[in-house]
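A quick write-up on the structure given underneath.
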Amino acid sequence: MTKNLKSCCLANWNMETMLDPAQDDLPLMANTRHMLIKHYVLDLDVDFENQVIEGTIVLFFETESRCKKGGRAFEGACFSQSNEICKTGSSEPCHIPVTNVSARSSKRGYNDFTVSAKGEKDTSDKNGNHSNGEQASGISSSKNCCDIENHGSEDFLLVLDCCDLSVLKVEEVDVAAVPGIERFTRFAKLTGASEELRNVRNQIVHELVTLPADRWREQLYYYTRCSQAPGCGELLFSTGTWSLEIRKAGIQIPREFPHSIRIWYKTKPQGRSVTWTTDQSSRPCVYTIGSPINNRALFPCQEPPVAMSTWQTTVRTASCFVVLMSGENSAEPTQLQGGLLSWYYYVTMPMPASTFTIAIGCWTEVKKEPCTTDIQTNKEFSSLVSRDDLSPHIIFLSQSVLTGGSHLCGTRLCHEIAHAWFGLAIGARDWTEEWISEGFATYLEDVFWAVAQQLPHDEAREQKELKALLRWRRLRDEVQNSEEELQVLRPNKENTGEVSESGACTIKHGLNPEKIFMQVHYLKGYFLLQFLARRIGEATYFEFLRKFVQKFHGQLILSQDFLCMLLEDIPEQKRYGLSVENIIQSWLDTSGIPKPLLEERQTWDQCRLVQEVNQEVTKWIQVNQRARKTRKRKRRQEEVAFQKLLPDQLVLLLESLLEEKTLCLRTLQCLEKTYRLHEQDAEVRHRWCELVIKHQYTSRYTEVEKFLREDQAMGVYLYGELMVNEDAKQQELAYKCFAATEKQMDVSSAKVVAEMLF
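To convert a position in the sequence shown, counted from 1, into this note's numbering, add 3.
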C-alpha cells in the first residue's frame, strides 16, 4: 500500500467522523475511484403501518482499473478504520460472518426476513435498530469486530453513501452458482479453490456489466438470476452517520474484493430520502424527495454523479396501492398471495443514483380526455412528450400547478421535460454546478412552451421578454435578500470537479436548508444562456446546442466543457472579447447580478406585453387615488375598462402594485373582482396573498390560510411576511397554519419556517 493511499483513506475516515450533520456542507463518502457500482437490483417490501421499506439490494461492481481503459490501474489497499470507529462510539454494531447462511430468494415468503443465521428471530426494535446482545444470531460486540490482530489492519474498505438506514447483513453473492452462467467465464475452470472461485465470480460480473447495449434483455435476465444466487460468506461492516463501510478479511485490493454483494436493510420512518404522508383524501402514501441528500436514506449507494449505473427493482405492497417509479417500462403488477401486488421496473440507461425515484399510493390514472387546452391541441408537442425514448419517465408536480388554468402547469411540464436533455442525458460532474441542469431547463422551458402553444414568432418573442423581466425581478430580490456565498454558481471555483484520491468529496452548502428555496442557479444560469444566444444569434445558438447534446450525450460535464466547445465552434466571438475566462468570472464565480445583465432591463421594459401591464398599473393607481378621495363621502365610482391579461402579466401587475405604499380597501376589492384572483394559478394567488398581508385585508385572511395549507412549498415566504408586520392577528395565523402543516412539510421547509416563527 502506498503512503498517499493510506493518507487518503485516513482523511476519508476523518471527514466522516468529524463532520457535523447540522453544518452546511454535504459529504459524499463513496470511494468511487476504487470501485464503481454498475447495476443495482432492489427487492423491497413496503410496510405502511410501520412506515418502513425493507428488503435487499444487490450491487454489481467494476474496479477502476477495468472502468478506465488505458488509465493506470489502482491496485493499492485502503486501511480499515474499524478500530478507530469503535473508539468513537459513532457507529452501529458490526457483524461477524456466520457460515451456512441460506440465501434469500425473491420468490420466497417474506415472514422470514428477520430470521437470523441460526434460526432466531431478529430482535430489532420498531425502527430497525439492533441491540448489542445478539451474539447467537451473528452480531458481535464492537470489540470483537474491530480486533486488528484477528482481522488485520490493511483490508480494503468499500465505502458506500448511506444514512438513516438499519443495515442488517452484508454478504458476497455466489454468481458462479447460477445455471448457464458458464458463458461468462470464458475458459476459466470452476474448481473448488477459494481464490480461483473468487476470480471466476469477479470475471462473471465483469463480463456481465460490460455486455453491449444491444444485449440489454439478456443482461437484465442474468442480473436477475445472479441477484437470486446464494450467498457465499458474510462480510464485515459498520455504519456511520453518512456511510456504510464494508470489508472482507484478507482482501487488500479492490480488484480482489467481491464484485457482487447483497445487503439486507430497512429504512427508518424519519429517513430524509423518503416522505411518509397522506394524499388529499387522507390515504397513506410515500415518495422519495431526493434533495438534499438524494437516495442514501432509501438504499446504500454511490451518490457522486460520476457513479452512473442501471437498476431494476421489484416492490411488493398491498393491492390497494399503486407503485410508480422512474423506470423505462410501464409496469403491470403481478398478484401474489395474501392480497399483495408485485411491481417491477428497470432502467437500461446508466444514470446517477440520485435519479432513482419512487411514489407509492392509492393513485388513480387520469385518462386522456378530448383535446381542449392549448397544450393538448398541439400535435407536435403531444408527439414530443409521448416519445418512448425520452428519459423522465416520472415527473413530480406540486398540486399547486394543477389549478388556475393550463399556463403554470404547462410551463412546469416544459421545464421538467427539458431535463431529459440537461440533467439526465447530460449531467453536471460536480453537484455545485446546478446551473448546468436548472439554467438550461429554465431557458428551454420558454422555447418548449412557445411550441406547445403554437405561437407565431413575434408572440413567442414577446412572451419570452415578459418572462425575462419577471425573472430579472426575482433575481434582483434574491440577490438583495440572500448571503453572497449562496449567489455564486461555482462555489468551488477553480477546484470545481475535484475529489479526493478515493472519490469522496463534500458538496458546498449542500445541507443549507435556505439553499433549497433559492433560484439563483435557475435564474443566473438562464440569463447566461440568454446572453450567449443574443451575442451569437438564436439560430446559430440552437444549432450549436444540437451538436453539444450529440457530443456529450450520456456524459457528465463541467461549465468549461460547454463554454470551450461553444467558442471553438463559433470562433468569431473570441474576436469580440468573449472568452471562457471572462464568462466564468462575470457569471459563475461572482455573487450579485452579472454586469452584462444590468444593461438588459431597458430592453424588456419596451416589450408590448410589459407596456400593457404598465398602462394597467397606471389605471389602478388612479383608481386608488380616487377611492381615497371619495372614502368619506359615498359617490358613484367611475367605470374603468381594464384589459384582459395573461397569467404572467397578472403576476407583473400585482408585483408592481405591491411596490405602491398603500392600496385602500375599495381598490383591493375591485382588483380581486376584476381578475377573479382566487381562481388564478398559484403564482398569481401568491402575489395576491402578499397584498392581503401587506394591507391587512382581514376578510381575506382565509385565502392566505388556504394557500399556506394547500400550497406549502410555495407558501414558505408568506410566513415571513406574516411575522414581519408584528401584527397579532397575522402572527396568530402563521402559528396556526404551521401547527396544522408542520408534520406534512419536508424537513428543510419546516426548519426554515420554524426559524421565521420562533
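Positions of the beta carbon are idealized from the N, C-alpha and C atoms, including for glycine.
So Gln222 and Leu211 are in contact, right, with Cβ under 8 Å, and what is the actual spacing, rounded? 7 Å
Does the count of Cβ pairs from the region 263-271 and the region 157-177 closer than 8 Å reach three? yes
Please report the straight-line C-alpha distance between Gln3 and Ala356, rounded to a whole angstrom. In this structure the chain extends from 4 to 761, so residue 3 is not present and cannot be described.
Are the beta-carbon atoms belonging to Ile60 and Phe302 less than 8 Å from one another? yes
Length-filtered (4 minimum) alpha helix (DSSP H) runs lying within the region 547-597: 562-572 and 583-586
In the DSSP assignment, the beta strand (DSSP E) including Arg679 goes from what residue to what residue? Counting along the chain, Arg679 falls outside any beta strand (DSSP E), and DSSP gives it neither H nor E.
Proximity to Ala179 [Cα-Cα], best of Tyr225, Arg218 and Leu168: Tyr225
Cβ separation of Trp346 and Pro353, assumed to be a contact under 8 Å, to the nearest whole Å: Not a contact, Cβ separation roughly 22 Å.
At the level of alpha carbons, what is the spacing between Arg415 and Thr633? 44 Å
Minimum length 3: unbroken beta strand (DSSP E) runs contained in the region 302-370: 311-321, 325-328, 337-339, 343-355 and 361-364
Beta-ladder partner(s) of Lys269, from DSSP: Glu57 and Ser169
Which residues in the same chain as Gly595 place their Cβ atom closer than 6 Å to its Cβ, once the five residues preceding and following it in sequence are excluded? Val482
Return the residue from the list Thr320, Thr351 and Leu327 that minimises the CA-CA distance to Gln340. Thr320
With 16 as the cutoff for other CB atoms within 10 Å, does Glu441 come out buried or exposed? buried
Are the CB atoms of Ile49 and Val318 nearer to each other than 8 Å? At residue 49 the sequence reads Val, which differs from the Ile that was named. Result yes, Cβ atoms of Val49 and Val318 sit closer than 8 Å.
Enumerated in chain order, which unbroken segments of the alpha helix (DSSP H) with a length of 4 residues or greater are wholly contained in the region 646-699? 650-661, 668-678 and 685-697
Asp684 versus Leu411 - alpha carbon distance: 7 Å
Should Ala742 go down as buried or exposed, given a rule of 16 or more other Cβ atoms within 10 Å for buried? exposed
Alpha-carbon to alpha-carbon, His681 and Arg218: 55 Å
Taking 7 Å as the limit between beta carbons, can you name the residues of its chain near Trp452, skipping five residues before and five after? Gly413, Thr414 and Cys417
Are Thr509 and Leu31 close, meaning C-beta to C-beta below 8 Å? yes
Would you give the residue range spanned by the alpha helix (DSSP H) that Ser276 belongs to? First-last for Ser276: undefined, no H or E at that position.
Taking the straight line between their C-alpha atoms, what separation do you get for Leu532 and Leu489? 20 Å
What does a CB cutoff of less than 7 Å around Cys673 pick up in its chain, not counting 5 residues either side in sequence? Val626
Determine, using beta carbons only, whether Ala455 and Ala421 come nearer to each other than 8 Å. no
Closest residue to Glu248 among Pro307, Arg258, Pro650 and Asp158 (Cα-Cα distance): Asp158
Boundaries of the alpha helix (DSSP H) in which Ser409 is found, first to last residue: From DSSP, Ser409 is part of no alpha helix (DSSP H); its letter is neither H nor E.
In whole angstroms, what is the alpha-carbon distance linking Ala431 and Pro272? 31 Å
Span of the beta strand (DSSP E) holding Gln425? The displayed chain sequence assigns Phe, not Gln, to residue 425. Per DSSP, Phe425 belongs to no beta strand (DSSP E) and is neither H nor E.
Hey, how far is the Cα of Ile361 from the Cα of Asn53? 18 Å
Could you spell out where the alpha helix (DSSP H) holding His460 opens and where it closes? His460 to Gln483
Per the DSSP calculation, Thr244 is bridged to which residue(s)? Its beta-bridge partners do not exist; DSSP assigns none.
Please return the same chain residues whose Cβ sits closer than 6 Å to the Cβ of Ala106, not counting the five positions on each side in sequence. Since pLDDT at Ala106 reaches only 32, below the 50 mark, its modelled position is unreliable, and the value read off the structure follows with that caveat. Counting only Cβ-Cβ distances below 6 Å, and skipping sequence neighbours, we find Pro233 and Gly234.
Any idea if Pro182 is buried or exposed, counting beta-carbon neighbours within 10 angstroms, 16 or more meaning buried? exposed
What number of angstroms, rounded off, separates the C-alpha of Ser312 from the C-alpha of Ala300? 18 Å
Is Arg688 close to chain C, meaning its C-beta is less than 8 Å from at least one C-beta of that chain? Annotation note: the requested chain C is absent from the structure, which comprises a single protein chain.
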